[in-house]
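Trainee:
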Amino acid sequence: MNLNPLLLLEKLVQYPSITPKECGIYEFVLEILTQTLGEGAFEVITQEKEGVKNLFIYTPHQADEHLCFAGHIDVVPPGEGWSSDPFMPTYEGGYLYGRGVQDMKSGVSAFICAFRDFLAQNPHITQKMRFSLLLTSDEEGDGTYGTQYMLQELESKGLLPTMAIVAEPTAHRICGDTIKVGRRGSINGKITIFGKQGHVAYPQNCINPTELLGARLGKLAGVNLDEGDTYFDPSKLVITDIRGGMEVVNVTPNELKILFNVRNSPKTTIKDVESYVRSVLEGLEFDLQLKQSSVGFLTDSILVDMMSACIASVCGREPELSTSGGTSDARFFGARSIPVVEVGVPNDTIHALNERVVPQDVQRLYEIFIHFLGQYAKQ
74 MNLNPLLLLE KLVQYPSITP KECGIYEFVL EILTQTLGEG AFEVITQEKE
124 GVKNLFIYTP HQADEHLCFA GHIDVVPPGE GWSSDPFMPT YEGGYLYGRG
174 VQDMKSGVSA FICAFRDFLA QNPHITQKMR FSLLLTSDEE GDGTYGTQYM
224 LQELESKGLL PTMAIVAEPT AHRICGDTIK VGRRGSINGK ITIFGKQGHV
274 AYPQNCINPT ELLGARLGKL AGVNLDEGDT YFDPSKLVIT DIRGGMEVVN
324 VTPNELKILF NVRNSPKTTI KDVESYVRSV LEGLEFDLQL KQSSVGFLTD
374 SILVDMMSAC IASVCGREPE LSTSGGTSDA RFFGARSIPV VEVGVPNDTI
424 HALNERVVPQ DVQRLYEIFI HFLGQYAKQ
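This is the structure in structure tokens:
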């Protein structure tokens, strides 16, 4: 069953792997690789924790250089209103439709085929360097027992990669126009300002927390905490919710709660956020809670140069280097100082009704990956 990337994508879409289910995809992937590469060409580690299944496939020989392709096979629920069955690949108008065709079964299909074909053509290359695939079913969930958990397990076994490629859908218009070379971090905050509840007719007997906030709101809402740099936008404090009181007009609230988020560049840390907020609210009675849900990172290594050169060779253009967007499993590699880039198909319909991909983009991504493997092997 020597499937090309597009045919493999069609097969994977038919598995309704709504997070955290993998629905038998791992067994299917192992069957495909074994049929082409044979027994003994790779080793397998499967891990299951709290209902999340993970699969790690790696070439057996120990080596100083270890390149890992990583991705998730879980998808978000399709929702109602699709024009076709979301788990039945459908071609129409030059697109392939189905849940996960962009996010991110296209990327998984491309790197599985590249891994298979490159090793089939270069069986002796594994004597000097290691290659691996990491698949998880927990990226669209909370991410606790997926890539993060597996990297902990791999470290304990001495199997951490030295470079990683995550095939998330990162392109803007066509595959290869963008490489994600880092990600902003994410800091969630909750401020509670305490006052004294009372009757609005007797303000002298009240301490109104909305008035206390009002004088300081301009120093919190939308404030840039740094100036950003070449790769990162400024770290902006974004207020997402303000609430207090009992939804009546004649009672002042006893307390006021403000929720906010900071997508932070490496220039701004959680301690910087805490220091700034406390300085703005100095003199008030308040509580501040902060949680770093992801840590920002920037990859500045030969990996970026190699991938840029490969994309230029395959696609005939230089890619944009970007850190925009939300978070991804690449952050777990970055947190361990493992150089990582993200390259994939466009992301304009991810998580949407009638998710779709251009078939040529899937093939192009495969060509980028297999070309990269060839260049990587020449090191």
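All letters in the sequence shown, in the order written, are residues 74 to 452 by our numbering. Yeah, the Cβ is synthetic: ideal placement off N, Cα and C, and Gly gets one too. These numbers were taken from a predicted model, which means no experiment stands behind them.
1) Comparing C-alpha positions only, which one of Cys96, Arg404, Lys253 sits nearest to glutamine 365?
2) What's the C-alpha gap between glycine 152 and alanine 288?
3) Going by the CB atoms, is the gap between cysteine 186 and tyrosine 439 shorter than 8 Å?
4) Rounded to whole angstroms, what is the Cα-Cα separation between glycine 255 and methionine 236?
5) Quick check: the Cα distance between threonine 342 and aspartate 158, rounded to an integer number of angstroms?
6) Under 6 Å Cβ to Cβ from serine 179, same chain only, skipping five residues before and after it: list those, please.
7) My output table needs one value for arginine 336: the three-state DSSP class, helix, strand or coil.
8) Is isoleucine 238 helix, strand or coil by DSSP?
9) Work out the CA separation of glycine 291 and aspartate 306 for me, nearest whole Å.
10) Using 8 Å as the cut-off, can you tell me whether the segment 373 to 384 makes contact with the segment 200 to 220, which would need three or more C-beta pairs spanning the two stretches below that distance?
11) Are the CB atoms of alanine 294 and leucine 37 within a distance shorter than 8 Å?
12) Going by C-alpha distance, which of Lys340, Lys263, Pro196 is nearest glutamate 328?
13) Which residue or residues does DSSP assign as beta-bridge partners of isoleucine 315?
14) Under DSSP, the alpha helix (DSSP H) around histidine 139 begins and ends at which residues?
15) Enumerate, from N- to C-terminal direction, the unbroken alpha helix (DSSP H) stretches of 4 or more residues contained entirely within the segment 389 to 414.
16) Look at the Cβ atom of serine 259, then the Cβ atom of threonine 400, and state whether they are nearer than 8 Å.
17) If you follow the alpha helix (DSSP H) that aspartate 299 is part of, which residue opens it and which one closes it?
18) Would you tell me roughly how many angstroms separate the C-alpha atoms of arginine 203 and leucine 233, rounded to the nearest one?
Mentor: Let me spell this out:
1) Arg404
2) 43 Å
3) yes
4) 14 Å
5) 45 Å
6) Leu82, Val418, Val430, Val435
7) strand
8) strand
9) 20 Å
10) no
11) The requested residue 37 does not occur in the structure, where the chain is confined to residues 74 to 452.
12) Lys263
13) Ile331
14) First-last for histidine 139: 139 to 145, but that is the beta strand (DSSP E), not the alpha helix (DSSP H).
15) 403 to 408
16) yes
17) Here aspartate 299 belongs to no alpha helix (DSSP H), and DSSP marks it neither H nor E.
18) 11 Å
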